[in-house]
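As C-alpha cells, the structure follows; a few thoughts come after it.
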Amino acid sequence: MRRRTITSVKLLLLAMIPILGFLLIYVVPLGLTFRYTFTATPEGQTWTDSIHEILQNRYFAAGFRNLLQFGCACLGAGFSLALGLSWLMVRHPHLARPAVLIMILPLLIPTFSVSHLVQELFHIDLLSRWEVCAGALLCLYCWKYTGTAASILYAAHIHLQREVLEAAKLDGCGEWRLFFRVRLPMIRGQVGLSLLFLLMDYFRIYKESYLLFGRYPPDELYLIQHYMANHYLKMDVFRVSVAAASMAVLCLLFFGVAALLLKEKRVKTK
Amino acid sequence: MEIRRLQWIVFSVYAMIFTFSLCHVHAEATRYWKSSEPFQYAVAEDGIWLNQNDTILWHQDSFFEPEEITRGEQITHIAASGNILYYVTENGSRQLLSSVYSNGTMDISGVLLQLPVHQLEAFEDGRLIALTEEGALYSVYDRDGSMMTLDIPGWENAHVTAFSVWNRAILAYKADSGELSLLSDDRQILFSSVTIPNLTWVQIGDYDENSGWVVALSDGKLLKIDLKNGNREEIAVSLPSDAAGLRRNKTAIFTLCHDFTQLHFIPVSAIDGHTNGKILTIVNSVGGHARRESAVKLFHRQYPDVEVVERRIDDPRIIATELMAGSEGIDLVGLQDSYMPVSAAFLLRSGAIADLNQVDALVAAREPYRDIFGMVTIGDKWYAVPETVTMHMWQVNPGLARQIGWEIPDGRWTQAEFRSLAEKVATYNRTAEKPIYLLQDDTFLLPWFLYDYQVNHVDFASMSADYMTDDYVEILNFWKELNDQGLICKAVNMINPTMRPNTLLAAGRYDLWELRNSVCILPPQQNPDAPFPVYGGVLALNAHSPNRAEAEFFLECYLSLEAVSHVDRVFEGQWLTDSSIYDEQDDWYSLDERTAALWDEMLIHSIPELFVYDIQRDQYDTLLPALLSGEIDASRFAAVSQRLADMAFGE
C-alpha cells in the first residue's frame, strides 16, 4: 500500500511539469482571452452591441466560413494523398523507408524557405486569381503536412497481422477491396490520429497563407486567423479575444460532438 | 527501475530551475549584435555604427541587417556624434581623420591628425576628444586635424589610460594612480578625483551639481561608482566574459565581448537604481532633445519622484503587445504611420491610444498655438501631439518656367491647371532642341495625385474608402499618359534627391529647411478647398497606461510654451501664434518669405497623412508598375485597391 502511494506521488511529481506548462501556456491565456471577451468592450459601446457588430461583420463571418470550407479541402486532399502514399509504400516496401524519410523532411524545412519558390511556381501576386492562390496554398499544405499522416498510416499497415490479410486474399479480395474493406477498418485508430494531426496542422496554415499573400489574401482565402492577426496589429484586444474565444468554443463543440459520437458507437459495439 | 530513473530526471529539472532562480540577477546584458568577425562599435542616439573589416556599417534598427555606408583602409578608431561617424585610418605612420553621415554623405575626408591617437570620443555636438599614446587628452579640430591639449586647472592632463564623454562632461581615469575624475567640457573639475584601482573602461552614468555616478569595468565586473565619496558597488548584471569597452547613449550602455564579435547592452535604468520608483516610459519619440529635456524639467516640478525613461522598440509587435497589455512598458508612444505596420487611425479606433480632446488640460494647452492640430486629428478626435513635420511641396525651376511661358502660381492651384501645363510642356518638347521633364517625382512611394485623392476619398474616421470612382481612374490614366509621354522622371540619387536641371517641377516631401534655396509652389489639388496631408512624427498617449495622469501631464509639459519654443521653426514651421517666443537669432529670417507663407498655408489647412501600409505597399510594388507597363488598366488598379481597402477597413 505504502509502495503504491510512493509510486503515485512520484508519478504526480513527474506529471507536474507538463501540467504546469499546459496551464501556463494554454489554460491561463485562454482564460484571459475569455475574460477580455467580456471585459474589453470598446469605449462607448455596450457588450451586446459590440458582439453584435462583430458577429455581423462580413470578414468575421467569411473568416469562419472559409476556415471550414478550405479546411474540408485541405483535410480531404491531405488525407487522400496520405492514404495513397501509404498504399504505395505498402505495395513497394523496399521504397518505404527512404520514402518515409523524404516525407518527414518538409516538417524540418522552414516554410519560409519554400514559400518564395511556391510563389514563383504559381506566379502568385496581388493580381492572381483566387483559384490559383488556393491551389498554391493547398499544395504547400499537402507538401508540408501530408508526409506525417502518410507515415502514421504506413506504420499502422506494416503492423497488421499477415494471417488476416492472407485469409482475405484467399477469400478472393482484390487489392482495392483489401485496402478499403480490410486494412482501413483495422487501422481506424491510426486513421483518426492522422486526421487529428492534419486538422491540427490545418489550424497552423495562417503562417503559409501570410507568407504567400501577406495580411490581406483573396477574399475566398481570408481565414479567421487573418481576422485575429490583423486585429492584433491594430491592437484591438476585444475583437481578437472574441474571435479567439469563438474559435475555442467551435473547437470544443467539434471535439465534444466527436467524443460523444465515439462513445455512443462504443456502447453500441459492446 | 524506470520510475527511479524518471524520478532522477524530475528532480534534476527541479534542481536546475531552483539553481537558475538563485543565480538569476536583476539585470542582464542583452545581445544587440553578433558577427562571425571581430568589429568595432560606436554608439549614436538612434543607432549603432560598426566597423567590420574596414567596412563602416550603420545599424539603426536591431530588427534589420546593418547597412553598409562606406569603406576605408585600416580603420583604427571610430566615434559617433549625432548621425555622423568620425573614423581614423592609418596610412603608414600617419593617422587620417574622416567622417561620414548615416545617409552615406562624406563630411570630411583624410584630414591629417597632428598627433597619433589612442582613443577617440565625440560629444553630441560634434566636438572631438582624443587620448594620445602619451596619455594626454586633446581637443581635436576635425577641419584641419589640429589638436589642443585639455588644460584644466587643478587636474594634471597626463597618464590617462581610459576616458569617456557624455552629455557635457569628460570622465578620465589614470590606471597608475587609480584617479578617476569627472571634468566639464568647459574645462572645470565637476567632481574632485576619487581613487579606484584596477579599472579598464569607464563611462559616465549621471550627474548634477550635487551627486553623480559612473560605471567602470574591473576584472570583468561592472562597478557603479559614486563620484562624491568613491563608494563602489558591483552591479548584479551578467556581462560577457572579459567585456571590453563602455559606450552609451541616453538609454543604454554598450560593451563588447572579449573577442569583439558580440555587442551587448544594459539599460541605464537597470543600473541607475531608480527602477523601484515610478517610471514614465516614452517609446520611439522623434521630437528634438531640447524640447524633451525642457518638458522633463517642467514635469519634475510636479512629479519629482517619477523617472522619465526613453525606450526604442524596433519591433512593432512588441509595441502592440505592450500597448494591449497596458503594462508599464509604454506610457507615451511615438508614431510614424509609414514605419508602423498599422495606421494610427486603427489604434485610435481600437482604443489603444487616447483621444486627447477628453483631457481638458491638454485642450487648454493648445491656446497659444496656431491652428495646426488638423495634422493630428481624425474626425473629431485629437490623437497625438506633433513632434516633426514634413509636407508635400513642389519645387520649380524658374528659368524653365520662363522658357516655356508658364506663370508660377502664388497660392493654391488645381489639377486641371496642371493638366494644361502638361500639354504646354508636351507642345514645347515637340519643337524644342532639348526636351524637358514636366515633373521629377521624388514623392515617398506613390505619386502626389494619389495622396491628394486619398485626402478627399479615404475617410479614416468612418473607415471607408472609395477607389471605384471615375475620378480615380482618370487620375491613374493621366499619370500613365504622363509617363508614356516621357514627362516624368525620378531623381538621379533617390537618397539625397536634387532637382535635375532639365526638370520644370519636382515633387517631394520635405521639411521646411530643405526648401530654403528653392522656388516652391503648393502641389496641385483635385479640390482647391481641400486640406493638405502632413506627415510627421507624433507622440500619442497609451489609453491603458497605468501612469495615465503622469503621462497626460507630461504631454501638457511637452505642449507648453517653454518646451515648444525649442521646436526648430526653420524645420517644422512656426507653430506658435506669438513669434517673439522663438529665438530671434534663428535662421528663420534667412528663409524665403514666399516659401514660409506657403508652408503656413499648408500647416494651418492640414490633415494627417495616414497609411494603410499593406495597401500602399501593394499599390507601389505591384499595381503601379503593372499599370505603367500596361499589364493592367486603371479600372483593375482601382478594383484591387478597393478590395484591399474594404478588407483593411471592414474587417
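Here the protein sequences come in this chain order: A and B. One point on numbering: in this note's numbering, the residue at position 27 of the first sequence is 27, and numbering is uninterrupted. One point on numbering: in this note's numbering, the residue at position 202 of the second sequence is 202, and numbering is uninterrupted. Heads up, the beta-carbon is just placed ideally off N, CA and C, and yes, glycines get one too. Keep in mind that this is a model prediction, so the values were computed, not measured.
{"query": "Leu12/A burial status per 10 Å Cβ neighbour count (16 or more: buried)", "result": "exposed"}
{"query": "Proximal residues, the stretch 28 to 46 of chain A versus chain B, C-beta separation under 8 Å", "result": "Pro42, Glu43"}
{"query": "Where Asn57/A meets chain B, residues with beta-carbon distance less than 8 Å", "result": "Gly650, Glu651"}
{"query": "Segment limits, alpha helix (DSSP H) that includes Ile6/A", "result": "2 to 22"}
{"query": "Tyr232/A Cβ short of 7 Å to the ligand GTP heavy atom set", "result": "You won't find the ligand GTP in this model; it holds no ligand whatsoever."}
{"query": "Contacting positions in the stretch 316 to 350 of chain B - beta carbon closer than 8 Å to chain A", "result": "Pro316, Arg317, Ala320, Leu323, Met324, Pro341, Val342, Phe346, Leu347, Arg349, Ser350"}
{"query": "Cβ shell of Ile224/A (< 7 Å), same chain only, five flanking positions each side left out", "result": "Gly63, Phe64, Leu67, Ala243, Met247"}
{"query": "Within chain B, the residues that Arg215/A reaches when beta carbons sit closer than 7 Å", "result": "Asp614"}
{"query": "Sub-8 Å separation of Ile607/B and Met375/B beta-carbons", "result": "yes"}
{"query": "Burial state of Lys480/B, where buried means 16 or more other Cβ atoms lie within 10 Å", "result": "buried"}
{"query": "Reduced DSSP category for Ile225/B - H, G, I as helix; E, B as strand; rest coil", "result": "strand"}
{"query": "Where Phe39/B falls, given that 16 or more other Cβ within 10 Å makes a residue buried", "result": "buried"}
{"query": "Contacting positions in the stretch 219 to 239 of chain A - beta carbon closer than 9 Å to chain B", "result": "Asp219, Tyr222, His226, Tyr227, Asn230, His231, Tyr232, Leu233, Lys234, Met235, Asp236, Val237, Phe238, Arg239"}
{"query": "Whole-Å CB distance - Phe373/B paired with Leu610/B, under 8 Å assumed", "result": "That belief does not hold up - the Cβ atoms of Phe373/B and Leu610/B are roughly 15 Å apart, past 8 Å."}
{"query": "Proximity test, Cβ basis, 8 Å: Leu24/A and chain B", "result": "no"}
{"query": "8 Å Cβ shell around Ile108/B - same chain, five flanking residues per side excluded", "result": "Leu97, Ser98, Ser99, Asp142, Arg143"}
{"query": "Of the listed residues Phe299/B, Glu593/B, Phe637/B, nearest to Ala563/B (C-alpha basis)", "result": "Phe299/B"}
{"query": "Straight-line gap, His274/B to Glu307/B (C-alpha atoms, nearest Å)", "result": "Because His274/B sits at a pLDDT of 46, beneath the cut-off of 50, its placement in the model cannot be relied upon, and the following sentence gives the value as read from the coordinates. If you take the alpha carbons of His274/B and Glu307/B, they lie about 7 Å apart."}
{"query": "Rounded C-alpha distance that separates His605/B from Asn429/B", "result": "36 Å"}
{"query": "Contiguous alpha helix (DSSP H) assignments of at least 4 residues, all confined to the stretch 520 to 605 of chain B", "result": "548 to 559, 561 to 564, 569 to 572, 593 to 603"}
{"query": "First and last residue of the uninterrupted beta strand (DSSP E) at Ile189/B", "result": "189 to 195"}
{"query": "Tyr94/B - partner residues in DSSP beta bridges", "result": "Looking at the sequence provided, one finds Arg at residue 94/B rather than Tyr. DSSP lists Asn91/B as partners of Arg94/B."}
{"query": "Beta-ladder partner(s) of His392/B, from DSSP", "result": "Arg509/B"}
{"query": "Segment contact flag, the stretch 359 to 368 of chain B with the stretch 428 to 448 of chain B, C-beta cutoff 8 Å, min 3 pairs", "result": "no"}
{"query": "Residue-level contact to chain A via CB, Met647/B, 8 Å cutoff", "result": "yes"}
{"query": "Residue from Asn83/B, Ser36/B, Pro501/B with nearest C-alpha to Trp58/B", "result": "Asn83/B"}
{"query": "Tyr535/B versus Leu512/B, Leu263/B, His544/B, residue with shortest Cα-Cα distance", "result": "Leu512/B"}
{"query": "Proximal chain B residues relative to Leu165/A, where beta-carbon distance stays under 8 Å", "result": "Per Cβ cutoff of 8 Å: no residues; Leu165/A is ~35 Å from chain B at best."}
{"query": "Given Phe260/B as reference, the closest of Ile319/B, Pro523/B, Lys221/B, Ala42/B once Cα atoms are compared", "result": "Ala42/B"}
{"query": "Continuous beta strand (DSSP E) stretch holding Asn231/B: start and end", "result": "First-last for Asn231/B: undefined, no H or E at that position."}
{"query": "Member of Glu67/B, Asp46/B, Gln403/B whose CA lies at the smallest distance from the CA of Ile56/B", "result": "Glu67/B"}
{"query": "Neighbour list for Asp280/A in chain B, Cβ cutoff strictly below 7 Å", "result": "Since the first residue shown for chain A is 1 and the last is 270, residue 280/A is missing from the structure and cannot be characterised."}
{"query": "Outcome for Asp452/B when other beta-carbon atoms lying within 10 angstroms are tallied against a minimum of 16", "result": "buried"}
{"query": "Under 8 Å from the C-beta of Asp568/B: neighbouring residues of chain A", "result": "What Asp568/B touches in chain A: nothing, since even the nearest Cβ is about 32 Å away."}
{"query": "Range of the contiguous beta strand (DSSP E) that encloses Gln203/B", "result": "201 to 207"}
{"query": "Run of the alpha helix (DSSP H) containing Leu438/B, from where it starts to where it stops", "result": "That residue, Leu438/B, is in no alpha helix (DSSP H); its beta strand (DSSP E) goes 437 to 441."}
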